[in-house]
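Chemist:
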Ligand code: SAM
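Structure below.
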């Protein structure tokens, strides 16, 4: 039975390519890549000559048919994205779901993922977190989006691009409060890898003050809201609890 491999690729540092990923990318009949030119550079660096087809947000549904046909012919296929783990703020979900529905195995080859790399070195609580992908690009929508998350107790993880990092941090200050602990991870695994941590207002000020800190790719982590006391029940429950306690 043919297999679809979902293969993570580096997020900057080519040494993060795993030996298993190299072996699979070499051995499959076809590589489905988000951007064949971009991935072409990665593959040629490793001297991999496997043919590629493009599978991106705009053609995923059409291409899925071709890929399923290939699998039916017995050919193994690998899915990669421009960087990191496919499907994580990247195309592939529709394809994986359809390939599974068609009865084929989908096998993950784990590796780089910017959110995990950021979180594990950031010093923010990592026992529970929610990943919210890219915040909306439009300012009012983004503020509403952050405001809706302000009471969340788990660590919040976002992706952000260099042209929106300052505006996004300003909205984080507005929605979560100036004092909420924030860490941003920039250029992970690359030469200018940087972590900036502090209150939301401090992190914003540092990024505003230094144009270099606005370059590259970002993971933004916001600590969750402090857990409220168990005592904070709704008024009716408090009343009932008071009565019960009196009876004890
Ligand atoms: N699939 C990728 C992954 O597994 O992390 C994410 C793809 S998403 C289109 C690209 C975003 O991921 C960037 O805008 C940035 O927020 C984050 N990212 C990717 N590489 C990064 C890096 N080296 N350092 C910091 N953030 C990175």
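Residue numbers (full-length UniProt numbering): 3 to 250.
Backbone N, C-alpha and C define an ideal beta-carbon position, used for all residues, glycine too.
Compare the beta carbon distance of residue 79 and residue 69 with 7 angstroms and say whether it is the shorter of the two.
Modeler: On the chain shown, position 77 is the one that residue 79 refers to. On the chain shown, position 67 is the one that residue 69 refers to. Against a cut-off of 7 angstroms, the Cβ pair of residue 69 and residue 79 comes out as a contact.
Chemist: Since residue 82 is in the beta strand (DSSP E), which residue starts that stretch and which ends it?
Modeler: Start at 1 with the first residue of the chain shown, and residue 82 comes out as number 80. Here the beta strand (DSSP E) through residue 82 covers 79-82.
Chemist: Report the three-state DSSP secondary structure of residue 251 (helix, strand or coil).
Modeler: Here the chain covers residues 3 to 250 and nothing more, so residue 251 does not appear.
Chemist: Since residue 207 and residue 179 should fall inside the 8 angstroms C-beta cutoff, what is the C-beta to C-beta distance between them, to a whole number of angstroms?
Modeler: Taking the first residue of the chain shown as position 1, residue 207 is located at position 205. Taking the first residue of the chain shown as position 1, residue 179 is located at position 177. Going by Cβ atoms, the distance from residue 207 to residue 179 rounds to 15 angstroms, so no, they are not a contact pair.
Chemist: Sorted by chain position, which residues of the same chain lie with C-beta nearer than 7 angstroms to residue 16's C-beta, five sequence neighbours on each side aside?
Modeler: As a working note, residue 16 is residue 14 in the chain shown. Same-chain partners within the cutoff: 47.
Chemist: Can at least three beta-carbon pairs, one atom from the region 30-41 and one from the region 78-95, be found at a separation below 8 angstroms?
Modeler: Segments in contact, yes.
Chemist: If you compare alpha carbons, which of 196, 225, 223 is closest to residue 212?
Modeler: Residue 212 sits at position 210 when you count from the first residue of the chain shown. Closest option to residue 212, Cα to Cα, is 196.
Chemist: Cα separation between residue 181 and residue 222?
Modeler: Position 179 of the chain shown, counting from 1, holds the residue named residue 181. Position 220 of the chain shown, counting from 1, holds the residue named residue 222. Cα-Cα distance, rounded: 15 angstroms.
Chemist: Would DSSP call residue 97 helix, strand or coil?
Modeler: Translated into the one-based positions of the chain shown, residue 97 becomes position 95. In the structure shown, residue 97 sits in a helix (DSSP, three-state: H, G or I).
Chemist: Consult DSSP for residue 127 and reduce its assignment to one of helix, strand or coil.
Modeler: The count along the chain shown starts at 1 and reaches residue 127 at position 125. It is coil, neither helix nor strand.
Chemist: Based on Cα-Cα distance, which residue from 247, 194, 98, 62 lies nearest to residue 14?
Modeler: Sequence index remark: in the chain shown, residue 14 carries index 12 (1-based). Residue 14 has its Cα closest to that of 194, out of 247, 194, 98, 62.
Chemist: I'd like to know whether the C-beta atoms of residue 102 and residue 131 end up nearer to each other than 7 angstroms.
Modeler: Residue mapping note: residue 102 aligns to position 100 of the chain shown, counting from 1. Residue mapping note: residue 131 aligns to position 129 of the chain shown, counting from 1. Taking 7 angstroms as the Cβ cut-off, residue 102 and residue 131 do not qualify as a contacting pair.
Chemist: Shorter than 6 angstroms, the distance from the beta carbon of residue 221 to the closest heavy atom of the ligand SAM, or not?
Modeler: What you label residue 221 is simply residue 219 of the chain shown in a count that begins at 1. It does: the Cβ of residue 221 is within 6 angstroms (strictly closer) of some heavy atom of the ligand SAM.
Chemist: Just to check, is the beta-carbon of residue 154 closer than 6 angstroms to a non-hydrogen atom of the ligand SAM?
Modeler: Your numbering for residue 154 matches position 152 in the chain shown. Every heavy atom of the ligand SAM is 6 angstroms or more from the Cβ of residue 154, so no.
Chemist: Verify the contact flag: residue 190, CB atom, against every heavy atom of the ligand SAM, threshold strictly below 6 angstroms.
Modeler: The residue you call residue 190 lines up with position 188 of the chain shown. The answer is yes for residue 190.
Chemist: Straight-line CA distance for residue 32 to residue 10?
Modeler: Locating residue 32 in the chain shown gives position 30, where the first residue counts as 1. Locating residue 10 in the chain shown gives position 8, where the first residue counts as 1. Approximately 16 angstroms between the Cα atoms of the pair.
Chemist: Since I believe residue 177 is in contact with residue 76 (beta carbons under 8 angstroms), could you give me their beta-carbon distance rounded to a whole number of angstroms?
Modeler: Taking the first residue of the chain shown as 1, we reach residue 76 at position 74. Taking the first residue of the chain shown as 1, we reach residue 177 at position 175. Residue 76 to residue 177, Cβ: 52 angstroms. No contact.
Chemist: When you compare the CB positions of residue 159 and residue 97, do they come within less than 7 angstroms of one another, or not?
Modeler: For the purposes of this step, residue 159 is taken as the residue at position 157 of the chain shown. For the purposes of this step, residue 97 is taken as the residue at position 95 of the chain shown. No, Cβ-Cβ distance for residue 159 and residue 97 is not below 7 angstroms.
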